[in-house]
Each structure stands twice: as structure tokens, then as C-alpha cells.
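Asker:
Residue numbers (this note's numbering), protein chains in the order written: chain L, 1 to 324; chain G, 1001 to 1242.
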């Protein structure tokens, strides 16, 4: 059974509103693929279509090799989903929630079910609270329990909708570490919906930025930064600014712009290709007598790239669905 | 209350039949519509015995159809509407439980406790009636009899399933629990018509009539279930999330 996701022209209309507009993408086995976009971009609607909760208006998709329209039961069997709301039964205990959903996902063998529930609750450090009603749990604990529930039947494909929303930094990190482990060590395919750039940057091998239902751009976080927010710059901090050093750097063929920050004795250099030309720049500065204190490559942040896109700033090739 | 207070009152009230001015005139229509063999049996009874016999075996019989409806209405109305309000429905819909399994599950979660209450109520009612009336009937036990067995174990479950099925369907369509409960009250009307019919003597629960009711409601149950599953749409339920 494949553990990939393929969407082709996936569209969802609610009346005249186009919530998802001809999305096409493929997620490979073991990949963490991010759907990044502002509120109302169509992320949750996309996940609901792929999880066979709602049907597409147009287009098609396959999840784990199963068609989402023709084989919805099979899709739901192989997918684990963390919904936008944790959707936990607050009047039941943690164990009862896990037990109910384990049964719902087909774990009928009592011993296997008990072992699996214990394994997950212990992993999420909820075992000691297994007999407490979920209503008494903190937000972070509920989120962890909801993720545990999504994993109870060992799905190969996971849909995680805003997994760190509302969590404190410590809990967010725990969830991110878990997602990384699921992808890297357990080779699960993960579709991650988020509007948190930190999550997308740290977790996703590729990100699709969507806005108003449309795919704006797809690529790795590095590619998106380079493509949208521009090339990284080289920041060289000197012990003392020297005009001769500045002139030498400006005259280099591959240097486009040199900005000088006199307050910090810093040169901010825009290059054609940071990767290959940084050693030459450093060598030139040293030969010209410059005393280098530190060298940094400043990458434009994914946040800058993202904000530029969703606020509609000019982006090269933004009209086409650009895949990098 | 049905099971204890009512039979107590039923057995005590007939003692007033011996007070001048009280008669069985209010039950004449019902007595006239009883099967011939029952009328023949009543002819050999005292007024007190007739009163107890009619009231405990016929007059209050249809009220036991209301018990499962009332006991199940809240749970059935809450089945999908409550989950929508509490935002727990999405994870349930995301499971590989089929539409028919979901629908049936929601019906059973109302049906089982309501029928349990009904059967227990009937057992208590029978014990109270028999305890209080056995001396009046010279040791004869009035309950259970064939009609009551068919009523409790045949009519009540089939009526309950039809009502619960319709209420669960409504629950899946509306936004919230209150709406579902208010609309489902309408379903009591046909049952109240049966109750009224029996109380006034227009309808008498005798074995053939009861068997016909079981058959009729069994067909209705089947139709309700099929339509309920057909109309069940996960997308529509999610679109009505509060």
C-alpha cells in the first residue's frame, strides 16, 4: 500500500464561494508536507476533502492509493487525523476516549488495544492521568491526547491540522519533536496545516503556500525564502571600518551591493551566489588588511517571504503554480 | 410513578365503586368494545373486580408506549446535534465507521436504556398490580398476560425504534440539541392518538390488534432506517457545526 498523497485539480465550492481552487500536489512517502496559509485560505477544507469528510466539487485525489470519492472508507481506515478542534469527549476519561476510538478504527483485539493505548499514553506522559476526565486537562494535554488518538491505529498517513495552536512554547516543542520523529524514524507521511511559520520552517520538507483557496507557490522552505524574499546576504563584522577594504569588496565581480553599518562596523554584502563566493569575499577582505570579527550568512526569513506573498506584493511567476 | 403510584391508585379507587353515586358508566364504551370472551369473563365479576381489571389491563396499557419515547427523547435528540454543539463530531465522522453503523449506533444508544427502563417499569407494575389485586381476585394473577407481553416486548420496541430513528435523523439535520428536541416532540402525536383511542375505548389492545401494530411498526422501522442512512451526509453535518 502506498503511503502517498496525490491531488489533481482539487476544488471545493460552497455555493458561489470557491474555498479550494484547483489544488494539485503530491506528497511522497515519509515526507512532511506543509500547507501554509492565513485563516480562511482553504487549508482545513483541503484536509477535510482528503480525509473524505467532504466531497470535492471538482478534481480528484488519492490517499494511500485509494480514491477519495470511490473509496472513502478505505481512506479513513489508513489515515489518522488531528482535527482543527481536538474533538475529545470531555465527559469521558483519557483512557475511555482512546478505547472508543481504538474500537472505531478496528482494534478489536483487547490485548492489542490495551497495549497500544498504554504505549501512546505513556509516550505522551498522560498515563498517570488516564482515569481523569478530559474536561480537567489543560489545552496542551488535550492536544497531545488528540494526537495520540490520531495514532492509535498506526496510520501511515497523518493529517495534522494546526497541531501547535494554543500551546505554550514547551508543549509546542514537544509536539514538533514528535512530528519530526514520526516522519524521520517511523517514515509516516504527514500533511501539516499551519499558519505558524516556525512550524513550517522547522518541520516541513516542502511547503505549499495557499491563499484564498489557490496554491501560490510550492517548494522547500529554503527555496521559498530565496525565491520570494531574495537571496541571502553576507554580513561581515570588522574590528574597524576601512575605506580601502570597502572599495576592494565593491570591485569584486560577483558583488552586487555593499551596505555599510558604521555603528557596528558591519558590511552587508549582496552576492550573486552566497554559497560559492563567500570564501573569495573573505579572502579579499583579509588581503586588503581587514580584521574580521565575525561572518554571518543572513537568510531572509520564511516569514518575510510568506508575508510578502499573502499581502500581494510583487512576486516573480506568482500567476503560475510554480513548483520548485 | 407509572409503575407504582398508578396501580396503587387503580386498586384503591375501585373501593369507591361501592359508594353510592359512583358507577362504571365512564368505562361502558371500553367494556362494550372488549372481545366477547373478555366480556363474558367480566360478567361473572363484581364491580370492584371489573374496575380493577379494566383499569390495570386495558386503560393504562398504552401509557407504557410513552415510557420508551420519553426515556429516549433526550438521548436521541442529542445524538448528532449535541456532538455538533460540543464540537466532537468531526473526529467521529473521520473514523472508518460506515454511515449505517453510525446511524444504528446512535439509535441503539437511545433504544437500549429506554427499553431497559420500560421492561423494568413493566415488571414493577406487574408486581404491584398482582400484589394488591390477588386477594380481590382470589389468588389469580392478572399480569403478565399475552397482550401485555406482546405490548412490552413487541409494540414498545418497534414504536421506540421508529421514534428514535426519526429523532436521530432530525438530530443529524439541525444545528443544535434544543432544535432537535423541539421538533421530535411532534413524533409523540401518533402515540398519544393510540393512547387516547384506548382510553376512550375506540381502540382495544387485543392480540390481533397488537400483532398488527408490531407488523406495521416493524415496516416503519425498516423504512425509517433506510431513509435515515440515505439522508445521512457527513458533509451536511459538518457544515452545521456551531
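The C-beta atom is built at its ideal place from N, Cα and C for all residues, glycine as well. Values in this document were obtained by computation on a predicted structure and should not be read as measured data.
1) My output table needs one value for residue 1128 of chain G: the three-state DSSP class, helix, strand or coil.
2) Buried or exposed: which applies to residue 189 of chain L, given that a residue is buried once 16 or more other Cβ atoms fall within 10 Å of its Cβ?
3) Rounded to whole angstroms, what is the Cα-Cα separation between residue 153 of chain L and residue 1239 of chain G?
4) Quick check on the burial criterion: 16 or more other C-beta atoms within 10 angstroms. Buried or exposed for residue 146 of chain L?
5) Please classify residue 149 of chain L: does DSSP put it in a helix, a strand, or coil?
6) Please say whether residue 223 of chain L and residue 196 of chain L have beta carbons closer to each other than 9 Å?
7) The beta strand (DSSP E) with residue 214 of chain L in it runs from where to where?
8) Leaving aside the five residues before and after residue 258 of chain L along the sequence, list all residues of the same chain whose C-beta is less than 7 Å from its C-beta, in chain order.
9) Taking DSSP's pairing of strands, which residues face residue 294 of chain L in a bridge?
10) Which ranges would you report for the alpha helix (DSSP H) in the stretch 257–288 of chain L if only whole runs of at least 4 residues count?
11) How far does the alpha helix (DSSP H) with residue 24 of chain L in it reach, from first residue to last?
12) Report yes or no: is there a C-beta of chain L within less than 9 Å of the C-beta of residue 1075 of chain G?
13) Quick check on the burial criterion: 16 or more other C-beta atoms within 10 angstroms. Buried or exposed for residue 261 of chain L?
14) Counting only beta-carbon separations shorter than 9 Å, does residue 1175 of chain G have a partner in chain L?
15) Can you say whether residue 279 of chain L is buried or exposed, counting buried as having 16 or more other CB atoms within 10 angstroms of its CB?
16) Would residue 1165 of chain G and residue 1225 of chain G be called neighbours here (beta carbons separated by less than 9 Å)?
17) Could you work out which residues of chain G lie near residue 106 of chain L, taking near to mean beta carbons separated by less than 8 Å?
18) Tell whether a beta-carbon distance below 9 Å holds between residue 1030 of chain G and residue 1054 of chain G.
19) Determine the chain G residues that contact residue 89 of chain L at a beta-carbon separation under 7 Å, and present them in chain order.
20) Under a CB-based cut-off of 9 Å, is residue 318 of chain L close to chain G?
21) In its own chain, which residues sit with a C-beta less than 8 Å from the C-beta of residue 49 of chain L, not counting the 5 before and 5 after it?
22) At the 9 Å Cβ level, is residue 83 of chain L part of the contact set with chain G, yes or no?
23) I want to see whether chain L comes within less than 9 Å of residue 1085 of chain G, judged by CB atoms only; does it?
24) Determine whether the Cβ of residue 1093 of chain G lies closer than 9 Å to any Cβ atom of chain L.
25) Rounded to whole angstroms, what's the CA-CA distance from residue 193 of chain L to residue 281 of chain L? Just pull it up for me.
26) Excluding the 5 residues flanking residue 291 of chain L on each side, which residues of the same chain have their C-beta closer than 8 Å to its C-beta?
27) Indicate, with yes or no, if the ligand COA has a heavy atom lying under 8 Å from the CB of residue 144 of chain L.
28) From what residue to what residue does the beta strand (DSSP E) around residue 391 of chain L run?
29) Are there 16 or more other CB atoms within 10 angstroms of the CB of residue 31 of chain L, so buried, or fewer, so exposed?
30) Does residue 1108 of chain G get closer than 9 Å to chain L when you measure Cβ to Cβ?
31) Could you please give the first and the last residue of the uninterrupted beta strand (DSSP E) stretch that includes residue 1235 of chain G?
32) So, with DSSP's three-state summary, where would you put residue 60 of chain L?
33) Could you list which residues in chain L have their beta carbon closer than 9 Å to that of residue 1104 of chain G, in chain order?
34) Check the C-beta distance from residue 85 of chain L over to residue 1230 of chain G and give it rounded, since I have them as a contact under 8 Å.
35) Would residue 74 of chain L pass as an interface residue toward chain G - the criterion being a Cβ-Cβ separation below 9 Å?
36) What's the C-alpha gap between residue 1115 of chain G and residue 1218 of chain G?
Answerer: The answer reads as follows:
1) Here the question's residue 1128 of chain G lines up with position 128 in the second chain. The answer is helix: DSSP assigns residue 1128 of chain G an H, G or I state.
2) Numbered from its first residue, the first chain carries residue 189 of chain L at position 189. Classification for residue 189 of chain L: buried.
3) By 1-based counting over the first chain, the position of residue 153 of chain L is 153. By 1-based counting over the second chain, the position of residue 1239 of chain G is 239. When rounded, the distance between both Cα atoms is 27 Å.
4) The sequence position of residue 146 of chain L within the first chain is 146, counting from 1. It counts as buried.
5) Counting from 1 along the first chain, the entry for residue 149 of chain L is found at position 149. Three-state result, residue 149 of chain L: helix.
6) For the purposes of this step, residue 196 of chain L is taken as residue 196 along the first chain, with counting starting at 1. For the purposes of this step, residue 223 of chain L is taken as residue 223 along the first chain, with counting starting at 1. Not closer than 9 Å, so no.
7) Here the question's residue 214 of chain L lines up with position 214 in the first chain. Residue 214 of chain L -> beta strand (DSSP E) spans 214–219.
8) By one-based count along the first chain, residue 258 of chain L stands at place 258. Around residue 258 of chain L: 246, 249, 250, 267 and 269.
9) As a first step, residue 294 of chain L must be located in the first chain, where it is residue number 294. L/237.
10) 274–287
11) For the purposes of this step, residue 24 of chain L is identified with residue 24 of the first chain, where counting begins at 1. Not the alpha helix (DSSP H): residue 24 of chain L falls in the beta strand (DSSP E), residues 17–27.
12) Locating residue 1075 of chain G in the second chain gives position 75, where the first residue counts as 1. It does not; no Cβ of chain L falls within 9 Å.
13) Mapped onto the first chain, residue 261 of chain L falls at position 261. By the 10 Å Cβ count, residue 261 of chain L comes out exposed.
14) By 1-based counting over the second chain, the position of residue 1175 of chain G is 175. No, no contact with chain L.
15) Here the question's residue 279 of chain L lines up with position 279 in the first chain. Its Cβ having fewer than 16 others within 10 Å, residue 279 of chain L is exposed.
16) For the purposes of this step, residue 1165 of chain G is taken as residue 165 along the second chain, with counting starting at 1. For the purposes of this step, residue 1225 of chain G is taken as residue 225 along the second chain, with counting starting at 1. A contact, by the Cβ cut-off of 9 Å.
17) The residue given as residue 106 of chain L occupies position 106 in the first chain. The contacting residues are 1096.
18) Taking the second chain and counting its residues from 1, one reaches residue 1030 of chain G at position 30. Taking the second chain and counting its residues from 1, one reaches residue 1054 of chain G at position 54. Yes, Cβ-Cβ distance for residue 1030 of chain G and residue 1054 of chain G is below 9 Å.
19) As a working mapping, residue 89 of chain L is identified with position 89 in the first chain. By Cβ distance, chain G contributes 1088.
20) The count along the first chain starts at 1 and reaches residue 318 of chain L at position 318. Note on residue 318 of chain L: pLDDT 44, under 50, position unreliable in the model; no value is reported.
21) Taking the first residue of the first chain as 1, we reach residue 49 of chain L at position 49. If we look at residue 49 of chain L and ignore the five residues flanking it on each side, its Cβ neighbours are 10, 12, 20, 55, 56, 61 and 68.
22) Here residue 83 of chain L refers to the residue found at position 83 of the first chain. With 9 Å as the cut-off, residue 83 of chain L counts as an interface residue toward chain G.
23) To locate residue 1085 of chain G, count along the second chain from 1; it is residue 85. Residue 1085 of chain G does not count as touching chain L.
24) Position 93 of the second chain, counted from the start, is the residue given in the question as residue 1093 of chain G. Yes, its Cβ sits closer than 9 Å to a Cβ of chain L.
25) If you number the first chain from 1, residue 193 of chain L lands on position 193. If you number the first chain from 1, residue 281 of chain L lands on position 281. In a straight line, the C-alpha of residue 193 of chain L is about 41 Å away from that of residue 281 of chain L.
26) Counting from one through the first chain, the residue named residue 291 of chain L turns up at place 291. Result list for residue 291 of chain L: 238, 239 and 240, in chain order.
27) No copy of the ligand COA appears in this structure; indeed no ligand is present at all.
28) No statement about residue 391 of chain L is possible, as the shown extent of chain L runs from 1 to 324 and does not include it.
29) Taking the first chain and counting its residues from 1, the one referred to as residue 31 of chain L is at position 31. Result: buried.
30) Residue mapping note: residue 1108 of chain G aligns to position 108 of the second chain, counting from 1. Output row for residue 1108 of chain G: interface = no.
31) Counting from one through the second chain, the residue named residue 1235 of chain G turns up at place 235. Residue 1235 of chain G -> not in any beta strand (DSSP E); alpha helix (DSSP H) instead, spanning 1234–1239.
32) As a working note, residue 60 of chain L is residue 60 in the first chain. Residue 60 of chain L falls in the strand class under three-state DSSP.
33) Translated into positions along the second chain, residue 1104 of chain G becomes position 104. Within 9 Å Cβ-Cβ: nothing; residue 1104 of chain G doesn't reach chain L, min ~14 Å.
34) What you label residue 85 of chain L is simply residue 85 of the first chain in a count that begins at 1. What you label residue 1230 of chain G is simply residue 230 of the second chain in a count that begins at 1. With a Cβ gap of about 28 Å, residue 85 of chain L and residue 1230 of chain G do not count as contacting.
35) Sequence index remark: in the first chain, residue 74 of chain L carries index 74 (1-based). It does; some Cβ of chain G falls within 9 Å.
36) Walking along the second chain from the start, residue 1115 of chain G turns up at place 115. Walking along the second chain from the start, residue 1218 of chain G turns up at place 218. If you take the alpha carbons of residue 1115 of chain G and residue 1218 of chain G, they lie about 16 Å apart.
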